[in-house]
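In this text, residue positions in the sequence shown follow the UniProt record's numbering: the first is 1, and each later residue adds one.
We treat Cβ as the ideally placed atom computed from N, Cα and C, and that holds for glycine.
The structure under discussion appears below in the form of structure tokens.
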Amino acid sequence: MRCPFCGNEDTQVKDSRPTEDNSAIRRRRFCPSCSARFTTFERVQLRELTVVKSNGQREGFDREKLLRSMRIALRKRPIDADRIDRVVNSMVRQLESSGESEIPSKQIGEKIMEALQTMDQVAYIRYASVYKDFREASDFNEFVETLAPEASPGL
């Protein structure tokens with residue numbers, strides 16, 4: 001593993017342990033060249049996934065991009081970071097085990113919407129506003145009206 005600080009290719013593993021949900025191995029590493037310490041994660045990858053964007057462009061699936069979008073939607077909401085990681089791990093496992101190597105970006109967006117709807121209504125609306133490209137306040141109103149009637153009064 002290359003040191004992210006000095007580029008040295010000879011780093012040492014000082015500690016390894018599974019993550020809380022046993023979906024990855026967390027490794028603490030040490031660089032003998034610059035004495036820096038850093039953490040890496042090793043995850044099982046069932047298959048190489050490619051995301052097919054709405055314009056037809058293809059790019060490699062990036063778990064961190066999915067995690068980042070969830071974290072942005074859930075920013076300043078009372079949701080534990082470990083819960084977000086577990087949900088993302090579950091989504092990635094579902095995508096990898098679907099049998100498809102090419103996943104439409106729309107399918108990933110829908111999975112995120114489903115997860116956020118069960119986690120936090122405010123984050124769900126935040127994500128929807130970007131995902132569904134809301135242009136004005138009336139778009140928010142229309143979307144909130146489509147939510148379950150028991151959820152709407154608290155929003």
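- In the structure shown, T118 falls within a helical segment according to DSSP collapsed to helix, strand and coil.
- Inclusion of R26 and F41 in the CB contact set at 8 Å is warranted, their separation being smaller than that value.
- Q121 and F143 have their C-alpha atoms spaced approximately 12 Å apart.
- Here G109 carries a helix assignment [DSSP, helix/strand/coil].
- Within the UniProt domain "ATP-cone" (49-139), the runs of beta strand (DSSP E) that reach at least 3 residues and sit entirely inside it are, in chain order, 50-52, 58-60, 102-104.
- Taking 8 Å as the cut-off, the Cβ atoms of L49 and E96 count as close.
- Within a 10 Å sphere around the beta-carbon of V87 sit 16 or more other beta-carbons, which makes this residue buried.
- Cβ contact annotation for S101 (same chain, cutoff 7 Å, sequence separation greater than five): R47, E48, L49, T50, in chain order.
- With 16 or more neighbouring CB atoms inside 10 Å of its own CB, A73 falls in the buried class.
- Following the DSSP letters along the chain, one finds F41 inside the beta strand (DSSP E) bounded by residues 37-43.
- The alpha-carbon of D85 is positioned some 7 Å away from that of L67.
- Non-local C-beta neighbours of S138 in its own chain, meaning closer than 7 Å and more than five positions away in sequence, are absent.
- One thing to note: P104 has its Cβ within 8 Å of the Cβ of V52.
- R83 and R2 have their alpha carbons spaced roughly 30 Å apart.
- Rounded to the nearest angstrom, the Cβ distance from S69 to I112 is 6 Å, consistent with a contact under 8 Å.
- Minimum Cα-Cα distance from S90 among the listed residues A36, P78, S23 corresponds to S23.
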